[in-house]
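Protein chains in written order, with this note's numbering: chain A, 905 to 1243; chain B, 324 to 585; chain C, 281 to 642. The beta carbon of each residue, even a glycine, is placed where N, CA and C say it ideally should be. On a predicted model such as this, the values are computed, not experimentally measured, just so you know. First the structure, in the form of C-alpha cells, and then the observations on it.
As C-alpha cells, this is what we get:
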C-alpha cells in the first residue's frame, strides 16, 4: 500500500507528457506543463490569466493590451501582434513562448507555418465561443498544469449557469430590445447575445427573424440594423443597451444622459420598457464576463427580480475580475433608472 | 517602277472601299492623292505597304509581289507617316527617330546612330535631339516624323495628310523638304492631301479618287480642272495662275443634288 | 543653342546621345546597388534585435561559415525563415509588378493601365476567396490550393480579356475596357463570398486580401524567381518594338514590320504571369504596377531598353520601402505592405497626375 502511494507521489512529481487535440484536429505534445503562452484575442488572454496567472501570458495582442486598466501588470514589450490576424512573428519568437493560442478566426494557418521552424506549436482555441467555454478552460488547465484552477473556474461557471437554468424555467419571458453600442443596431438568433438573453429568461425582440429572408446587406447576426418603427411596433418590455468594452465604468453623468436619450427616442418613448422604467445599461465586459454568464445573471435579475432577489451579479463580476483575473474591480458597470 | 498596282480592291463588311485601282509610281516621282473625304485615299495609301489587306488585284513593290514579302521586307522599302497619332509616349527626338531604323537594325548601334543624327542634321533638328516631343512645336514635330520615315531608307514614302495641322510656313517647308529628297535620292512619294494648290505646285502627277475608284490620273494641270473638281467634290471652283503658280479657289458648294464622295 | 553647321555637328550630337545613354545605364546600376544596400538594412528590422553585423554573420553562416559564438540557432532561423524570404519577396515581387506595369502601359499607350486595371488582382482575390469558402484552406495542402486557385482565376481573367480582344480586335481600348469590366465582376464576386462566408472564413478572406509579405516563404520566392527568369529576357527582347508602339502608334509600328498583335499578346501574357504569381502569394498589392513605371519614366526616360530594368528597380525599392515603413512606423504592430504602399504611392501618383495635366496641352 505504502509502496503504491509512494510510487504515485513520485510519478506525479515527474512531469508527465501532455497531449491535446485542438479545434482544427491538430495534435500537440508537450513534455510537461506549459509555462509561457502567447494568447491572441482578449478572451483567450483572459482565460490564460484566469487559469495560470499573468506570468503565463508571454504575449498578447495590442487590441487587448490597449485597455490599460485591465492589464496594468503587463508591459508593452509583451505586445506581439496588432490583433489575431496580424501577427509579428519575430516578436513572438523573441518572447520565447512554449505555445501560441489563436481563435479559429485568427491567422492560425499562417502562424503554424511561420513558427514551425522555431518549434513553437500553434493551438487553435476559440475563447469567445461560449459553447466551448468549459472545454477550452479545461484544455488550458491541462496544458498549464493547473487542472485544479481550471476545474474551479468551470465550477464557478457551471454553478451560476445551472442556477439560471433552474430559476428561469417556466417563467414568462419579457421581450428584450438589445442594442449594441450603436443606435438601432441589435442582434438576431445565432448571436451569442441572443443565447444570453434566453439564459436570463428573456426573449430577444427580433429573435424570430429567419436570417435567410433578410437582404444580403443586413445579415450579420451580431450587427443587425433595424428600423425604429419596427422597434416601436414590437413594443419591448425591457431595453438593454451595451456600453463600451473597457474596464473603467461609464461615468455617472454619461450613463444618465444615455438613459435619458434612450427614453426620449420616438421609437421607444411609448414602449412598455420606458413606461415601466426598465431601461438598463451594461458594459461589454460585464455582459461578456465568463462567456456571458455574468451578463445573463445581471439581466435575469432585472427581468425577474423576485426570483433572483438573493443573487448579486455585481459580486459575481467582482469575483471574476479580482479572484480570477487579478485586476482591480472599479465598481458597477450597470445602470438603470432606479439607480 | 517602285509601285505597280493592278486592279486592286479592298472590301470590308460587304462594302467596296477600293475598287479596280490601277496605279504606278516611278522612282523620284511625287504623286498627290486627292479626293473628298471617304474617297479611299487613306485606304489606298495603307494598302500600298500592306497595312490594309487587298481583296482583289496584284501589287508589287520594287518588282516583288507584296504577297510574298514579310512585313520587315516591306518596311525596308516603304516608309509610312500616319496622320497625327493621338496619345503616344513622350519620347525624345533621337529616340523617336531611332525607331525608324528598326527594319534595318543589325545590333551594332554605330551605323544606325550615325544615320539618325545625319538625318536630324539635314532637317535642322540636331539642337532638339534629346528633347521630348511635347516640347516641340507642331512643325518641328512633323519634321521629326519625316526624319523617322527617312532613316528607314525607303524607296517609297507614303504620307497621309502630313500638313493638315500645320501653319502656312510649315506646310511649305514640309513639302520643300520632301520634294528635295524625292529629287536627290530618287525616292518615290505618294502624298494624300486636301490642299489642291499644294498638290498642283509640288506633285509630278495627281491622282483623283472618288467613291473608292480612280477618277483621273495624270499631269496636275490636266487633273485639277474646274470640271473634275465639280464632278468629284461637288464644288464650283476657279483654277488660275498667281505669280507663276497655279492655284485653286473654291467658289461655291453645289448643293444636295451632287453628293460629294459617294 | 543652335548646333553649328559643319561636318562634326552630327557626330558631336551622336556622341552626346551615347554619353547620355551610358550615364542612364550607370544610373540603373546605381539604383540596383542602392537597392541591395537598402535591402540589407531592411534585413535588420525586427524584434529579435539583430543588427547589420549579426545579420551579415548569419548570412555567411547560411553560406557555409561556422556559426559565431554570440548567435543562437533561433537567430539564424529568424533571419533565414522570417526576414530573408520577406526581403526576397519584396525585391522580386516589386520588380515583377513594376515590370508588368511598364510593359502594359507601353503596349496599350495608356499611362493609367496596370495589372490591377486588367482585373487580374481582383480575379486572384476572388480565386483565393473561392478556395477558402469551399473549405480548401483547412486541408493539409490548403495554403497551396488557395495560391493555385488565385493563380488560375487570374489567368482565366487574362484569357477572357484577350479572348474578347481576339474577337473584337486587340486595340488598347478593348483590352482596357474589358479588363475594367472584369475587375468589377470579380470584386462583386469576392464581396458575395464575404457575405456567404462564416465568420472564420470571412476573417481568412479578409486576411488574404490585405497584401502582405509575411505569408510568403521560400517556396513562393523560388516560384516567383522561376517565372521572372522565364519572362524578363523575353520582355527585354521586345524593348524596341515597345518603343515603336508606345511612341508611334499601332499603324506606324506595323509599317516598321513589327507584328503588333503578337507583341501585345506575348507581352500581356508575360505581364499577367508575373502579376498573378506575385499576387497569388502575397495577396493584393496595388499601386506598384501603376506608380513604379511613372517614377521610372520620370528619372530614366522613355526608352524601354532602360525603362524596363529601371522600373524593376523602382518597383523593388517601393515594396522594400513600404514594408520597412509598415514595420517601423507603428512597431511592434506591423502594417501590411498592401496598405503602406498605397500611402506611399498615392501622393506620388497625384503629383504625377498634376504634372501631366499641366503638360498635356502642348
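Range of the contiguous alpha helix (DSSP H) that encloses residue i
i, result
"residue 516 of chain B", "Note, residue 516 of chain B: premise wrong, no alpha helix (DSSP H); not H, not E."
"residue 974 of chain A", "Premise fails: residue 974 of chain A is in no alpha helix (DSSP H) and is neither H nor E."
"residue 1233 of chain A", "No alpha helix (DSSP H) contains residue 1233 of chain A, which DSSP labels as neither H nor E."
"residue 334 of chain B", "Here residue 334 of chain B belongs to no alpha helix (DSSP H); instead the beta strand (DSSP E) covers 326-335."
"residue 341 of chain C", "332-342"
"residue 456 of chain C", "452-476"
"residue 479 of chain C", "479-489"
Residue i at chain C interface by Cβ criterion, 9 Å
i, result
"residue 915 of chain A", "In this prediction, residue 915 of chain A scores a pLDDT of 46, lower than 50, which makes its location untrustworthy; no coordinate-derived value is stated."
"residue 591 of chain B", "In the structure as shown, chain B begins at 324 and stops at 585. Residue 591 of chain B is therefore absent and cannot be evaluated."
"residue 508 of chain B", "no"
"residue 966 of chain A", "yes"
"residue 1089 of chain A", "no"
"residue 998 of chain A", "yes"
"residue 425 of chain B", "yes"
"residue 1187 of chain A", "no"
"residue 993 of chain A", "yes"
"residue 470 of chain B", "no"
"residue 1017 of chain A", "yes"
"residue 413 of chain B", "yes"
"residue 398 of chain B", "yes"
"residue 1027 of chain A", "no"
"residue 378 of chain B", "no"
"residue 1013 of chain A", "yes"
Any C-beta of chain A under 9 Å from that of residue i
i, result
"residue 333 of chain C", "no"
"residue 385 of chain C", "no"
"residue 634 of chain C", "no"
"residue 623 of chain C", "no"
"residue 326 of chain C", "yes"
"residue 487 of chain C", "yes"
"residue 422 of chain C", "yes"
"residue 470 of chain C", "no"
"residue 483 of chain C", "yes"
"residue 613 of chain C", "yes"
Assumed close pair residue i, residue j - CB separation to whole angstroms, cut-off 8 Å
i, j, result
"residue 356 of chain C", "residue 343 of chain C", "Residue 356 of chain C to residue 343 of chain C, Cβ: 12 Å. No contact."
"residue 413 of chain C", "residue 476 of chain C", "7 Å"
"residue 1017 of chain A", "residue 497 of chain C", "7 Å"
"residue 570 of chain C", "residue 629 of chain C", "7 Å"
"residue 298 of chain B", "residue 529 of chain B", "No answer is possible for residue 298 of chain B: it lies beyond the span of chain B, which begins at 324 and ends at 585."
"residue 350 of chain B", "residue 532 of chain C", "About 24 Å; that fails the 8 Å criterion."
"residue 1034 of chain A", "residue 1099 of chain A", "7 Å"
Where the beta strand (DSSP E) through residue i begins and ends
i, result
"residue 1134 of chain A", "Where residue 1134 of chain A is concerned, there is no enclosing beta strand (DSSP E), although the alpha helix (DSSP H) it sits in stretches over 1132-1138."
"residue 932 of chain A", "931-934"
"residue 340 of chain B", "338-348"
"residue 494 of chain C", "Segment: none, residue 494 of chain C is in no beta strand (DSSP E) and carries neither H nor E."
Residue of the options minimising C-alpha distance to residue i
i, options, result
"residue 392 of chain B", "B:406, B:376, B:330, B:405", "B:376"
"residue 468 of chain C", "C:410, C:579, C:320, C:479", "C:410"
"residue 1149 of chain A", "A:1181, A:1185, A:1080", "A:1185"
"residue 415 of chain B", "B:441, B:398, B:457", "B:457"
"residue 480 of chain B", "B:343, B:397, B:576, B:341", "B:397"
"residue 1127 of chain A", "A:1133, A:969, A:1140, A:1083", "A:1083"
"residue 342 of chain B", "B:332, B:534, B:497", "B:332"
"residue 461 of chain C", "C:516, C:308, C:396", "C:396"
"residue 480 of chain C", "A:1066, A:1109, A:1012", "A:1012"
Chain B within 9 Å of residue i, Cβ atoms only
i, result
"residue 457 of chain C", "no"
"residue 300 of chain C", "yes"
"residue 521 of chain C", "yes"
"residue 601 of chain C", "no"
"residue 381 of chain C", "no"
"residue 294 of chain C", "yes"
"residue 527 of chain C", "yes"
"residue 308 of chain C", "no"
List, from N- to C-terminal side, the beta strand (DSSP E) runs of 3 residues or more that fit wholly inside the region 1024-1073 of chain A.
1026-1028
Jot down the residue ranges of each uninterrupted beta strand (DSSP E) in the region 1135-1197 of chain A, minimum 3 residues, whole runs only, in chain order.
1142-1147, 1183-1187
Enumerated in chain order, which unbroken segments of the alpha helix (DSSP H) with a length of 4 residues or greater are wholly contained in the region 519-565 of chain B?
Taking only runs of at least 4 residues, the alpha helix (DSSP H) segments lying wholly in the region 519-565 of chain B are 519-525, 543-546, 549-556.
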